[in-house]
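96 is the number of the first residue of the sequence shown in this note's numbering; add one for each residue after it.
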Amino acid sequence: MWQFIIIICAFIFLLVPEKHALHMFQQNRYELTRFTTWLKENKITIFKDNIVVLFSFILLLVLSFVSSETLVYILSSICLLLLAFLLITKEKKKNYIKPLVYTGRVKRQIVVLNALVFILFFVLSKFSTKLLPALLLLIAYYGIWLLIYPMACVTTPIEKAVQNYYINDAKKMLQNHGNLKIVGITGSYGKTSTKNVVRAILSQKYNTLMTPSSFNTPMGITRTIREMLKPIHEIFVCEMGADKVGDITELMNFVHPQVGIVTSIGPQHLQTFKTQENITHEKMQMIEMLPKDGVGILNYDNELIRNYKVKNPVKIITYGIQNENVDYRAVDIQYHPTGSSFTVVHQNERIALTTKLLGELNILNILSAIACARNYGISWNVIEKGVKEMKQVEHRLELKKINGYTFIDDAFNANPSGAHMAVTVLGNMPNHKYIVTPGMIDLGERQSEINYQFGKDMIDNVDFVILVGKEQTAPIYKGLTENGYPENQILVVNHVREAFTYIYSHASTSDTILLENDLPDAFSK
Numbered sequence: 096m097w098q099f100i101i102i103i104c105a106f107i108f109l110l111v112p113e114k115h116a117l118h119m120f121q122q123n124r125y126e127l128t129r130f131t132t133w134l135k136e137n138k139i140t141i142f143k144d145n146i147v148v149l150f151s152f153i154l155l156l157v158l159s160f161v162s163s164e165t166l167v168y169i170l171s172s173i174c175l176l177l178l179a180f181l182l183i184t185k186e187k188k189k190n191y192i193k194p195l196v197y198t199g200r201v202k203r204q205i206v207v208l209n210a211l212v213f214i215l216f217f218v219l220s221k222f223s224t225k226l227l228p229a230l231l232l233l234i235a236y237y238g239i240w241l242l243i244y245p246m247a248c249v250t251t252p253i254e255k256a257v258q259n260y261y262i263n264d265a266k267k268m269l270q271n272h273g274n275l276k277i278v279g280i281t282g283s284y285g286k287t288s289t290k291n292v293v294r295a296i297l298s299q300k301y302n303t304l305m306t307p308s309s310f311n312t313p314m315g316i317t318r319t320i321r322e323m324l325k326p327i328h329e330i331f332v333c334e335m336g337a338d339k340v341g342d343i344t345e346l347m348n349f350v351h352p353q354v355g356i357v358t359s360i361g362p363q364h365l366q367t368f369k370t371q372e373n374i375t376h377e378k379m380q381m382i383e384m385l386p387k388d389g390v391g392i393l394n395y396d397n398e399l400i401r402n403y404k405v406k407n408p409v410k411i412i413t414y415g416i417q418n419e420n421v422d423y424r425a426v427d428i429q430y431h432p433t434g435s436s437f438t439v440v441h442q443n444e445r446i447a448l449t450t451k452l453l454g455e456l457n458i459l460n461i462l463s464a465i466a467c468a469r470n471y472g473i474s475w476n477v478i479e480k481g482v483k484e485m486k487q488v489e490h491r492l493e494l495k496k497i498n499g500y501t502f503i504d505d506a507f508n509a510n511p512s513g514a515h516m517a518v519t520v521l522g523n524m525p526n527h528k529y530i531v532t533p534g535m536i537d538l539g540e541r542q543s544e545i546n547y548q549f550g551k552d553m554i555d556n557v558d559f560v561i562l563v564g565k566e567q568t569a570p571i572y573k574g575l576t577e578n579g580y581p582e583n584q585i586l587v588v589n590h591v592r593e594a595f596t597y598i599y600s601h602a603s604t605s606d607t608i609l610l611e612n613d614l615p616d617a618f619s620k
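Quick look at the structure:
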């Protein structure tokens, strides 16, 4: 009887730590290798996060030796319920940057995880020992992290089978669509911005579908095709992401684009790619796997792309700003509070354009879209209209007003090149300039070095720096202070809410605030 009661109490207590473990597994993309790395880096935090649980375990352990079994079970049940109330209350006060999303996959994981917990609890209960309550507490709060591994082993084959079914269905839809033109876009950064810009111009003439948001994985692309692709669509603009070797190859075999755009190659996802050579090779599979009558559009300002020897005999169109030897080049670039203006040079033509978008990277994105549009026979007049009317891309150097204050929202997935460009754009803005950032992650052994340089880049462009998370922003702080930036112009906070509180009490509405990167909760520390 008491064993049954204590198991029920343990399951109630389990709710919060189980949710936390699943949340972090989701933010690590359901990949055990990434989850393991995260767990190693955060194991001390997990133990310290709720020290009262550790003390409760020690208390139950002591009780098991000095009290009767009935008293141990009564006190333990009360203890577990009080702890459950404490954790649930604490959980309700948390404002996660990216909360746990209860997808079908997560729901299946919950079922399997709870089944494993029940089996483990049932086995332990057979020992009928006074140590049972302490063991249940230990497993429910700390052991749940390790149970993620057998859960993943059980659910991964199921998820793979589900994914393959839907992917094959999406492949058939593409094959049966007729004369659908497909544009593939990849790169270490700039993919989503480029995708939006390409669609904005192509849709001036063609009925165009693009993968929404950051739907750049096999399942994201599958959802787009199955839920959004209609017979009226003439062009499908497909963003393709990769964070490990083989990802682009898999997506190219799935989508089969006729036009491929590589926006950039750099030190992104080094933790999983391991080397820059692996990144370069994988991204350039976008061009190597095009059909022989395909077209590759390449950013020749990027040294790694420029120096890569393409083996596929497809037509190559190049673009750039710094590099003069390209097919499409932007010159006479000017930034202002409402956007940018520049001139495109193509052969003997010079076309003046204006756009709401900010930054050299966005102008590079526009150049790639222009090359794609010209390849599809779109006139310069139509292109000019498309560039002028295109909307700013959400969270990517997006100029916006929040509570009357001027923000440059570049919160999505900062990268070294993009972060450098963002602070340069900020430096060209009037009045005082603020930056709010948690720094950059997923950069392997070069992470500290790149964040240190990020700090140095801020010095001549930013009047006040707000760093979110003391630990991961330490290299930025070092890059600032070791190169002469005043410490009294740096504020380190634990949460972005504190940053906004400071901004609203110190900045004026004529100032500009750059929001650079927005890390998931798993990486904010």
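Note that CB positions come from ideal geometry on N, CA and C, so glycine has one too. None of these values were measured; they are calculated from a predicted model.
First and last residue of the uninterrupted alpha helix (DSSP H) at residue i
i	result
residue 513	511-522
residue 266	239-270
residue 200	199-220
residue 543	542-553
residue 401	398-401
Which listed residue (the options) has its alpha carbon closest to that of residue i
i	options	result
residue 417	326, 538, 588 and 395	395
residue 390	409, 496, 399 and 532	409
residue 513	549, 140, 435 and 191	549
residue 352	387, 302, 524 and 567	387
residue 266	233, 290 and 314	314
residue 354	379, 361, 371 and 194	379
residue 430	575, 554, 316 and 494	494
residue 624	422, 451 and 454	The chain is shown only over 96 to 620; residue 624 falls outside these bounds and no answer can be derived.
residue 336	359, 323, 325 and 328	359
residue 238	280, 281, 138 and 122	138
residue 456	148, 330 and 435	435
residue 300	487, 569 and 328	328
residue 321	572, 155 and 272	272
residue 560	595, 541, 538 and 539	595
residue 492	462, 453, 510 and 500	453
Residue burial classification, residue i (beta-carbon count within 10 angstroms, cutoff 16)
i	result
residue 424	buried
residue 99	exposed
residue 201	buried
residue 433	exposed
residue 163	exposed
residue 427	exposed
residue 334	buried
residue 618	Note on residue 618: pLDDT 41, under 50, position unreliable in the model; the coordinate value appears next. Residue 618 is buried by the Cβ-count criterion.
residue 363	buried
residue 191	exposed
residue 217	exposed
residue 161	exposed
residue 599	exposed
residue 264	exposed
residue 241	exposed
residue 180	exposed
residue 235	buried
residue 173	exposed
Proximity test, Cβ basis, 8 angstroms: residue i and chain B
i	result
residue 343	Absent from the structure is chain B; it holds one protein chain and no more.
Alpha carbon of residue i to alpha carbon of residue j, nearest angstrom
i	j	result
residue 157	residue 150	11 angstroms
residue 556	residue 567	22 angstroms
residue 287	residue 125	22 angstroms
residue 357	residue 291	15 angstroms
residue 346	residue 118	27 angstroms
residue 120	residue 214	22 angstroms
residue 564	residue 610	14 angstroms
residue 142	residue 412	54 angstroms
residue 529	residue 486	24 angstroms
residue 342	residue 317	15 angstroms
residue 302	residue 490	25 angstroms
residue 400	residue 361	10 angstroms
residue 591	residue 382	40 angstroms
residue 414	residue 140	47 angstroms
Boundaries (first-last residue) of the beta strand (DSSP E) holding residue i
i	result
residue 449	444-450
residue 334	330-334
residue 414	410-415
residue 297	Looking at the DSSP string, residue 297 is not in any beta strand (DSSP E); the run it does join, the alpha helix (DSSP H), is 286-297.
residue 603	That residue, residue 603, is in no beta strand (DSSP E); it is neither H nor E in DSSP.
residue 623	Only positions 96 to 620 of the chain appear in this structure, which leaves residue 623 out of reach.
residue 316	First-last for residue 316: 313-323, but that is the alpha helix (DSSP H), not the beta strand (DSSP E).
residue 425	423-431
residue 373	No beta strand (DSSP E) contains residue 373, which is instead part of the alpha helix (DSSP H) from 371-378.
Evaluate contact between the stretch 226-237 and the stretch 99-112, counting only Cβ atoms and requiring at least three cross-stretch pairs below 8 angstroms. yes
Does the stretch 242-255 come close enough to the stretch 197-213 that 3 or more CB-CB pairs lie under 8 angstroms? yes
With three or more C-beta pairs closer than 8 angstroms as the rule, is the stretch 294-308 touching the stretch 396-403? no
Taking contact to mean 3 or more Cβ pairs, one atom from each stretch, closer than 8 angstroms, check whether the stretch 470-482 and the stretch 494-508 are in contact. no
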